[in-house]
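**Student:** The numbering of the sequence shown is this note's numbering, which starts it at 1 and goes up by one.
Beta carbons: idealized from backbone N, C-alpha and C, even for Gly.
None of the values given here were measured: they were computed from a predicted structure.
Pasting in a structure now, in structure tokens, and then I'll have a few things to ask.
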Amino acid sequence: MYLEQIHQRYPLLRPAELWRLQEERTPVAAHRIGDIPIAQRYGVFKLYMVYAIGATLLQLTNKSAEVLPERFYMTALQHMAAARDPRTMQNTEAMTLLVIYHLRSASGMGLWYMIGLAMRTCIDLGMHRKSYEKGLSPTIIQARWRLFRTVYSIERVIAFPWSAAELSQLKSQVQRREQ
């Protein structure tokens, strides 16, 4: 569901990476959380966020009421520590996955703040500038561009309607004061 619906619009993650993480899921699940290396924990986080997003889409389209997105989400959050280093691609990617999940969930917790922080981090890391790509591999350059493009697109989607609503509210407040 994620690759069919979300990836088409927000190509944040590479499908090949998701399939690799899916294949590695069973051996990793046999370990306690503290015994899993940080790099693998981040992969588990991404995979379970994709599961949570997909399960949310299944619920929203009434294709499955059995799958609980919250369970996948809570499992993903147990591995969130792997992406806590600020001002990194991993942290920004993790924030973006959280935003995508909350866009389609009932909570909508802090979407504007989270996507704004992700956007500022992208800009701080120079993801919008070619001059910051010198010495990076083509794979990293592509990943940076996909991340920036996704964050930018989501930020526009979130910011525009809220800004319009706020402007409308402000306009009505001004009109009431003028009366």
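#1: Can you list, in chain order, the residues of its chain with a C-beta nearer than 8 angstroms to that of V99? Leave out the 5 residues immediately preceding and following it.
#2: By alpha-carbon positions, which one of F45, Y42, E70 ends up nearest to A55?
#3: How long is the line joining the alpha carbons of L18 and V151, rounded to whole angstroms?
#4: Buried or exposed: which applies to G43, given that a residue is buried once 16 or more other Cβ atoms fall within 10 Å of its Cβ?
#5: Take Y2 as the anchor and find which of E24, L57, D124, Q40 has the nearest alpha-carbon.
#6: Going by beta-carbon coordinates alone, are L147 and L47 separated by less than 8 angstroms?
#7: Just curious, the alpha helix (DSSP H) that Q5 is in, first and last residue?
#8: Please list, in chain order, all residues of the same chain as Y73 whose beta carbon is under 7 angstroms from its beta carbon, the five residues on each side excluded.
#9: DSSP three-state label for V67, please.
#10: Count the other CB atoms within 10 Å of the CB of F45; is the residue buried (16 or more) or exposed (fewer)?
#11: Using a 10 Å radius around the Cβ and a threshold of 16 neighbouring Cβ atoms, would you call A81 buried or exposed?
#12: Keeping to the same chain, check which residues put their C-beta closer than 6 angstroms to that of H79; ignore five residues upstream and five downstream.
#13: For D85, which three-state DSSP category applies?
#14: Can you say whether R144 is buried or exposed, counting buried as having 16 or more other CB atoms within 10 angstroms of its CB?
#15: Less than 8 angstroms between C-beta atoms, sequence neighbours within five positions excluded: which residues of the same chain meet that for D124?
#16: Just the C-alpha distance for M49 and T96, rounded to the nearest angstrom, thanks.
**Tutor:** Taking the definition as stated:
#1: L111, M114, I115, A118, I154, I158
#2: E70
#3: 19 angstroms
#4: buried
#5: L57
#6: no
#7: Per DSSP, Q5 belongs to no alpha helix (DSSP H) and is neither H nor E.
#8: A52, Y101
#9: coil
#10: buried
#11: exposed
#12: R41, V44, F45
#13: coil
#14: buried
#15: R87
#16: 10 angstroms
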